[in-house]
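Residue numbers (our numbering): -17 to 242. Comments concern the structure below.
Structure follows, in structure tokens:
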């Protein structure tokens, strides 16, 4: 009886926390909407008015983020993966102590990592084919900066809290465990696969801008997977919030300074 009560309480708490992340994920999608719209060919005509399209997209994203967050939170607790600061905030508990090492790595990986991506993008530029559409790559600064919220929050919920957690859990259940805890290799595999999935998901966007040549594929995979490894490591060692901070800072550098 006590076990069932505990499980019910845990589920209830995860629901509240999942709602918290769903709201943030929805706002992240809304913030990224102007940037995503700017990537579409200028000849494209939206089927509905843009405000309705933006709100509908945010609501749809929030609903999806709720279910994905709930799954990630439920599975993650048994793996040592969590969102400690958000959990404490939502349930009125004492906030955990900030890890100086984790914070330092978040700042360095975000700012320095974003700068590295800017440099890599510049190095690839002479090798890139001409755009195949009339898409404008000169996107307004405010749109690019808002996109950092989408990457930092919404993408981290999807890729780290859900995808990485699920992969780690599957590997753990599949036997990659030590004393009933996932092996380090299981975490590293999950980190790498989540980063690779994110990179591959960018190929359709790249294909809408350039012909999908080998150099376009290499650039897309490299630039979109490199920092995903760092984000995954931060999530594993210190919690999702550290990954969010790093991803957000990288987005500010990449979109603000790099102009992408």
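Ideal placement from N, C-alpha and C gives every residue a C-beta, glycine not left out. Quick caveat, the model's predicted, so the values are computed rather than measured.
Helix, strand or coil at residue i [DSSP, three-state]
i, result
"residue 238", "helix"
"residue 111", "coil"
"residue 66", "helix"
"residue 59", "coil"
"residue 202", "helix"
"residue 28", "coil"
"residue 229", "helix"
"residue 33", "helix"
"residue 136", "helix"
"residue 16", "helix"
"residue 150", "helix"
"residue 186", "helix"
Cβ separation of residue i and residue j, assumed to be a contact under 8 Å, to the nearest whole Å
i, j, result
"residue 14", "residue 131", "7 Å"
"residue 231", "residue 92", "3 Å"
"residue 243", "residue 214", "Limits of the chain in this structure are -17 at one end and 242 at the other, which puts residue 243 out of reach."
"residue 182", "residue 109", "Wrong, their Cβ atoms sit about 20 Å apart, outside the cutoff."
Neighbourhood of residue i by C-beta distance below 7 Å, restricted to the same chain and skipping five residues each side
i, result
"residue 205", "99, 102 and 103"
"residue 17", "121, 125, 126, 128 and 129"
"residue 52", "-4, -3 and 0"
"residue 145", "176 and 179"
"residue 81", "220"
Own chain, CB closer than 8 Å to residue i, minus 5 neighbours either side, in chain order
i, result
"residue -12", "The pLDDT assigned to residue -12 is 36, lower than 50, so where the model puts this residue is not dependable; a value taken from the coordinates is nonetheless given after this. Within the same chain, residue -12 has no close Cβ partners at all."
Sequence-distant residues of its chain with Cβ nearer than 6 Å to residue i (five each side left out)
i, result
"residue -17", "Only weak support is given to the placement of residue -17: the predicted model assigns it a pLDDT of 32, under 50, and the value that follows is read from those uncertain coordinates. Excluding positions up to five away in sequence, the list is empty."
C-beta contact flag for residue i and residue j at 9 Å
i, j, result
"residue 39", "residue 233", "no"
"residue 35", "residue 148", "no"
"residue 193", "residue 169", "no"
"residue -2", "residue 72", "yes"
"residue 185", "residue 64", "no"
"residue 202", "residue 188", "yes"
"residue 87", "residue 216", "yes"
"residue 68", "residue 3", "yes"
Best match in the options for proximity to residue i [C-alpha to C-alpha]
i, options, result
"residue 173", "82, 225, 191 and 48", "225"
"residue 54", "187, 240, 236 and 218", "218"
"residue 49", "94, 83 and 143", "143"
"residue 239", "83, 28, 156 and 123", "123"
"residue 220", "105, 242, 22 and 84", "84"
"residue 171", "160, 152 and 42", "152"
"residue 94", "228, 242 and 241", "228"
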